[in-house]
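Heads up: the sequence shown is residues 1 to 324, going by UniProt numbering. All remarks here apply to the structure that follows.
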Amino acid sequence: MIRPPSQRIGIVTSGAEKLADYFPTAAEPAFVPTEPPFTPDDQLLVDELRRRGHHVSAVVWGVETSQLMDRYDRLIVRSPWDYMDSDEQRKGFLRWLEGLGATGIAVENELPVMLWLMDKCYLLDFAAVGVPIVPTQLIPVGETLDLEALVEQHIAAVIKPAVSAAGAGLEFLPNRQAAQAFQQEFVDRCQRGAQLVQPFLPEIQTNGEWSLVYFGGEYSHGIHKLPARSQIMVHAERGGSLRFADPPAVVRELGDRSAAAVPRAFANSGVGSCRMPLYLRIDVIETPAGALLSECEGVEPELFFRARFGSAPRFADLIENRSI
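Structure representation (C-alpha cells):
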C-alpha cells in the first residue's frame, strides 16, 4: 500500500504546567503525560502519526505565528486548555488564531467554526435547524433577569456564561434563596458578557451525560460521564467518573443528527458556510422527553482516543486523506 506523503503537523496545546490541572484524576490515576506538553490522550494520536512517518511536534499557542510559516503543513488545534483561564487569555488566544490565518498554514478545525463554537449561543443555531437542545434562554450583555421569578418557574436553574469552558462560571440555583443570593453577581456578569439560562435537568445527577466523538462527521466512540454524588459537574477533574461505552440508540441518533447539522447550524449563524469539521465532541443528556443536545465542542475537547481501540488510527487516516 502506498502511503500518503509525509506531513509536518503541529498539535496546538497549552503549556506543560497546565496539564497538572487535569492529570492524573481519581478516575484514571495512572493516566499521566509522557511527553509534555502533549496530553496523554493526544499522545496516542501523536504516536500513530509518527509511526506513519509524519513529523509531529507540539505548538504551544501564543508562539509568534511568523515562526510557524516554514515549519508546518497543517496545525490541528487540540488542547489549548488554558485559553479560558481569564478574559485576557481568551482575547490573546483569539488574536493568535487570527494571526494563524495570515500564515497560510492549514488550521483545523477551521477558524470560523472554532470562533462560532466558542460561544454557546450556537445552541440556538442548532435549535433553529431542528436539533433538540437543552432549553436555553440568552440574556444579552447589558440586560438582566429576575432570577427568583425564574427559579419559581423552573424549580431550579443553571446559569452559565455564553463564553466559557470546562464548566467555568456555571452556577446552580436550586431554590429561591440561592437565586436571591446570586442576583447581584448575575447582574454584574451580564454587564461583562452574555449569559445563558437553562432549567436544571435532574437527569444529569442520575443518568449523567454522554459524550460522542465524531471524526469528519462520522461517529467513532462514546463516553458516559457521571458526576460525583450530589454534584452536577461531570468533569473528571471535578470529581466525576467515566466509562467507555457506546450510547443508547436514542442518544446515538441525536449525536448523529447534531453532527450532520453542523454545516446548517453554522450557516444559520450568518457567518457563511463550512465543511464538516475534522473533529467534534457532541454532549447529550438523556431525559424522559428524549435526548437533548447539551454542547457541541470543536475547539479543545478531549477526544478520548483511549476509549476505543483503533480510534487514533482512524483519525490519522482522516488527517492523511483530508485535503489541506
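Note that beta-carbon positions come from the ideal geometry of N, C-alpha and C, so glycine has one too. A quick note: this is a predicted structure, and the numbers were derived from the prediction, not measured.
- Task: Ignore the nearest five residues each way along the sequence and tell me which others in V251's own chain have a CB closer than 6 Å to its CB.
- Result: Locating residue 251 in the sequence shown gives position 251, counting from the first residue. Here the set comprises W210, V284, E286, A291.
- Figure out for me which residue from F93, A30, P112 has the closest Cα to the Cα of V262. Along the sequence shown, read from residue 1 onward, the residue named residue 262 stands at position 262. Among F93, A30, P112, the Cα nearest to that of V262 belongs to P112.
- Expressed to the nearest angstrom, what Euclidean distance is found between the alpha-carbon atoms of A157 and V213? As a working mapping, residue 157 is identified with position 157 in the sequence shown. As a working mapping, residue 213 is identified with position 213 in the sequence shown. If you take the alpha carbons of A157 and V213, they lie about 28 Å apart.
- Task: Can you grab the Cα-Cα spacing for the pair S86 / R52, in whole Å?
- Result: Walking along the sequence shown from the start, residue 86 turns up at place 86. Walking along the sequence shown from the start, residue 52 turns up at place 52. Distance between the alpha carbons of S86 and R52: 38 Å.
- Message: Assuming the contact rule is C-beta atoms closer than 8 Å, T144 and C190 should be a hit. Round their C-beta distance to whole Å, please.
- Response: By 1-based counting over the sequence shown, the position of residue 144 is 144. By 1-based counting over the sequence shown, the position of residue 190 is 190. Their Cβ separation, rounded to whole angstroms, is 5 Å, which keeps T144 and C190 in contact under 8 Å.
- If we count Cβ pairs, one from each stretch, closer than 8 Å, do we get three or more for the segment 68-78 versus the segment 96-105? yes
- Message: Bridge partners for V59 per DSSP, in chain order?
- Response: Within the sequence shown, the letter at position 59 stands for residue 59. Partner(s): V12.
- Item | Simplified DSSP assignment, three categories, for W210 | As a working note, residue 210 is residue 210 in the sequence shown. W210: strand per DSSP, three-state reduction.
- Item | Nearest candidate by alpha-carbon position, reference A265, set R192, R314, R308, G130 | Within the sequence shown, residue 265 is the residue found at index 265, counting from 1. Looking at the Cα atoms, G130 is the closest of the given residues.
- Under a three-way DSSP split, which group does L138 fall into? Here the question's residue 138 lines up with position 138 in the sequence shown. In the structure shown, L138 sits in a strand (DSSP, three-state: E or B).
- Going by DSSP, name the residue or residues bridged to P160. Here residue 160 corresponds to residue number 160 of the sequence shown, with the count starting at 1. Looking at the sequence itself, residue 160 is Lys, so the reference to Pro does not match. The partner list for K160 (beta bridge, DSSP) reads L196.
- Message: When you compare the CB positions of G255 and I282, do they come within less than 8 Å of one another, or not?
- Response: Here residue 255 refers to the residue found at position 255 of the sequence shown. Here residue 282 refers to the residue found at position 282 of the sequence shown. Closer than 8 Å, so yes.
- Query: Is it right to say D42 is buried, meaning 16 or more other beta carbons lie within 10 angstroms of its own, or is it exposed?
  - Reply: Along the sequence shown, one-based indexing puts residue 42 at 42. Buried is the call here.
- Query: Quick one: what does DSSP say S311 is sitting in, helix, strand or coil?
  - Reply: Mapped onto the sequence shown, residue 311 falls at position 311. Three-state result, S311: helix.
- For C190, name the three-state secondary structure that DSSP assigns. Position 190 of the sequence shown, counted from the start, is the residue given in the question as residue 190. Here C190 sits in helix by DSSP.
- Beta-carbon proximity check, G15 vs V77, cutoff 8 Å: Walking along the sequence shown from the start, residue 15 turns up at place 15. Walking along the sequence shown from the start, residue 77 turns up at place 77. In this structure, V77 does not lie closer than 8 Å to G15 by Cβ.
- Query: Nearest CA to the CA of R176: which residue from Q153, V163, L123?
  - Reply: Counting from one through the sequence shown, the residue named residue 176 turns up at place 176. Closest option to R176, Cα to Cα, is Q153.
- Message: To the nearest angstrom, how far is the alpha carbon of S269 from that of D119?
- Response: Mapped onto the sequence shown, residue 269 falls at position 269. Mapped onto the sequence shown, residue 119 falls at position 119. If I take the Cα positions, the gap works out to 11 Å.
- Bridge-paired residues (DSSP) for Y83: On the sequence shown, position 83 is the one that residue 83 refers to. BP columns for Y83 are empty, so no partner.
- Residues that DSSP places opposite K18 in a beta bridge: Counted from its first residue, the sequence shown places residue 18 at position 18. None, per the DSSP bridge assignment.
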